[in-house]
Amino acid sequence: MNEPRAAWQQAAGVAVLGLAAAVWRRWPPGAFVAAAGLGLAAAPSLFTLSYGPALAVFALLMGRRADHLRPALLTFGATALIGTAKILVRDVDPVVEWLVLTGTLLFGAVFPWLAGRYLRQGRELAAAGWTRAAQLEREQRIVADRARLRERARIAQDMHDSLGHELSLIAVRAGALQVAADLPERHRGAVTLPVRYVVESEGEGERESEGTGTELTPPEGEVDRTVYRIVQEALTNAAKHAPGAPVTVEVKGTAVIVTNGAAEAPGSGPGAGSGLVGLRTRVEDLGGTFEAGPHGDGFRVLARLPARRSDGAPKPRPTAPAPAPSLAYARRRTLLAFGAALATGALLVGGAFAWYAYSRSHAVLEPADFARLSVGQAQADAERLLPGLTASDPPAERAPTPPPQGADCRYYRASGELFVTVAHFRVCFRDGAVVEKSMIPKAGAKASAKEKE
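This is the structure:
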């Protein structure tokens with residue numbers, strides 16, 4: 008590039024970059040370390056046009072390939088420590104060099120690494136999204152299958168309960184005919200077989216009712232059908248277990264209350280309770296509540312169902328939002344880290360510019376004060392005319408003459424202009440007195456003025 012070096016140095020740099028390109032897939036931090044080593048060898052502040060692009064590229068690839076944060080953080084920390092150590096052993100202004108090192112490491116390494124991690128997490132998030140979509144599709148099929156099974160079980164339960172209800176009514180009516188006092192004997196004998204058949208087959212009907220194919224007509228709408236079944240089951244139970252007791256049925260919107268009093272005659276005894284269990288499951292599946300138990304001297308069934316829609320179906324219950332994938336959270340963290348790094352970089356750049364302006368504006372020796380200095384003047388009197396800071400990067404190589412032997416020379420800027428080359432003043436002290444003062448012209452200019460005493 009624009010940094011001429013010896014041929015062996017260029018060949019060594021090319022070889023190291025080739026090695027880094029060969030190992031970056033298997034060892035991304037190693038490839039970055041190779042590029043950073045070349046940058047530190049060429050410049051303590053890591054800023055070099057020859058190896059800077061390679062540093063950024065390998066940092067980007069390290070962010071895309073590395074699985075963990077620790078190798079990258081250790082690599083960045085080691086680079087910063089080595090660069091700082093090299094800056095401290097050099098005879099230059101360490102603040103400016105360190106700011107350049109930090110800015111290069113931040114903008115040339117950390118930012119590309121964060122961009123690589125963002126790209127990696129975006130790819131993983133997309134893959135996780137497709138996996139999640141496939142999982143949701145499978146779950147939806149399972150939910151649909153379960154819904155079909157529940158609907159089939161509900162229909163079978165309805166058929167079972169309705170058939171049992173009708174058979175119970177048939178048995179009761181046939182039994183009433185059988186004991187009727189005014190029924191002729193031939194009619195009593197005619198109903199004896201059907202009564203016996205109905206009563207004996209009721210248990211078999213309970214076991215075989217799911218396969219009977221009996222077609223029932225319940226009301227339209229799931230909520231209305233459930234209300235119908237609750238009332239039907241409650242009335243059947245009241246007729247079985249509390250014959251002769253008064254029964255009150257209240258339907259208030261989607262709330263159903265069926266209450267029966269004390270039995271006037273012995274009932275059929277406690278049942279299995281499967282009808283009430285099925286009703287509880289059905290009501291809770293719709294999002295409602297179901298209660299059944301003793302109430303006063305009798306029994307009460309209380310069900311609260313969700314509100315109906317216009318088509319009679321229950322309003323859907325609100326579902327909690329699906330949790331965000333962890334990769335999305337990691338992606339947000341990467342964006343936050345990128346923003347924090349950007350803010351830090353802006354502060355560093357602003358701080359570097361502020362220090363650059365401060366150090367140069369406070370190292371200006373006014374020409375009038377320079378003219379008031381004289382050789383042989385006491386150092387204490389001369390220092391009253393000198394600014395508080397000296398030039399951090401003095402152009403000693405451009406001085407017209409070498410400094411006096413054993414003298415303490417100080418360099419000052421002749422102008423407060425920034426980002427341009429300016430002339431400098433040199434003032435040398437020895438044995439507590441001024442022994443030399445001279446002017447160093449700015450770069451590219453001939454010595455138009457020179458004073459040496």
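One gets my numbering by counting positions in the sequence shown from 1 and adding 7 to each.
Even glycine gets a Cβ: it sits at the ideal position worked out from N, Cα and C.
As an exercise, report each continuous beta strand (DSSP E) stretch of at least 3 residues that is fully enclosed by the stretch 243–311, in chain order. 254–259, 262–267, 296–302 and 305–311
Going by Cα to Cα distance, which pick from P401, G439 and E424 is closest to G413? G439
In three-state DSSP terms, what is A440? strand
Rounded to a whole number of angstroms, what is the C-alpha to C-alpha distance between E240 and A154? 23 Å
Cβ of A49 within 8 Å of Cβ of S57? yes
Is there contact between the stretch 120–135 and the stretch 355–374, where contact requires at least three CB pairs shorter than 8 Å? no
Hey, H369 and P402 are a contact pair by Cβ (cut 8 Å); roughly how many whole angstroms apart? Not quite, the Cβ-Cβ distance comes to about 18 Å (not below 8 Å), so this is no contact.
Cα separation between A140 and M69? 30 Å
Leaving out the 5 sequence neighbours to the left and right, which residues in its chain are closer than 6 Å to T255 when beta-carbon positions are compared? T266
Just list the alpha helix (DSSP H) runs in the stretch 21–57, keeping only unbroken ones of 4 residues or longer that don't cross its boundaries, in chain order. 35–49
Does the count of Cβ pairs from the stretch 68–85 and the stretch 36–43 closer than 8 Å reach three? yes
Going by other Cβ atoms of all chains shown within 10 Å of its Cβ, with 16 needed for buried, is W15 buried or exposed? exposed
Pairwise C-alpha distance: R437 and A389: 12 Å
Using 10 angstroms around the beta-carbon of D165, count the other beta-carbons present and answer buried if the total reaches 16, otherwise exposed. buried
Under the assumption that A407 contacts C435 (Cβ atoms under 8 Å), give the Cβ distance between them as a whole number of angstroms. One detail in the question is off: residue 407 reads as Pro in this sequence, not Ala. In fact, because the Cβ distance is near 13 Å, the residues do not count as touching under 8 Å.
What is the rounded straight-line gap between the Cα of P101 and the Cα of V21? 30 Å
Beta-carbon separation of P191 and T261 under 8 Å? no
Three-state secondary structure assigned by DSSP to S169: helix
Counting along the chain, where does the beta strand (DSSP E) carrying R71 start and finish? Taken as a continuous stretch (DSSP letters only), R71 belongs to no beta strand (DSSP E), being part of the alpha helix (DSSP H) at G59 to R72.
For V442 and F345, what's the separation of their Cα atoms in angstroms? 55 Å
A348 versus L26 - alpha carbon distance: 30 Å
Name the DSSP bridge partner or partners of F432? Y419 and M446
Cα-Cα separation, D231 to P225: 8 Å
Pull up the distance between the alpha-carbon of K449 and that of A353, whole angstroms please. 31 Å
Environment of T351 [buried if 16+ CB atoms lie within 10 Å]: exposed
What do you get for P119, buried or exposed, if any count of 16 or more other CB atoms within 10 angstroms of its CB means buried? buried
Would the beta-carbon of L380 fall within 8 Å of that of Y419? no
Where do the ends of the alpha helix (DSSP H) carrying V107 lie? P101 to L112
In three-state terms, what does DSSP make of R214? Low confidence applies to R214: its pLDDT is 35, below 50, so where it sits in the model is not reliable, and the reading given next is rough at best. Helix.
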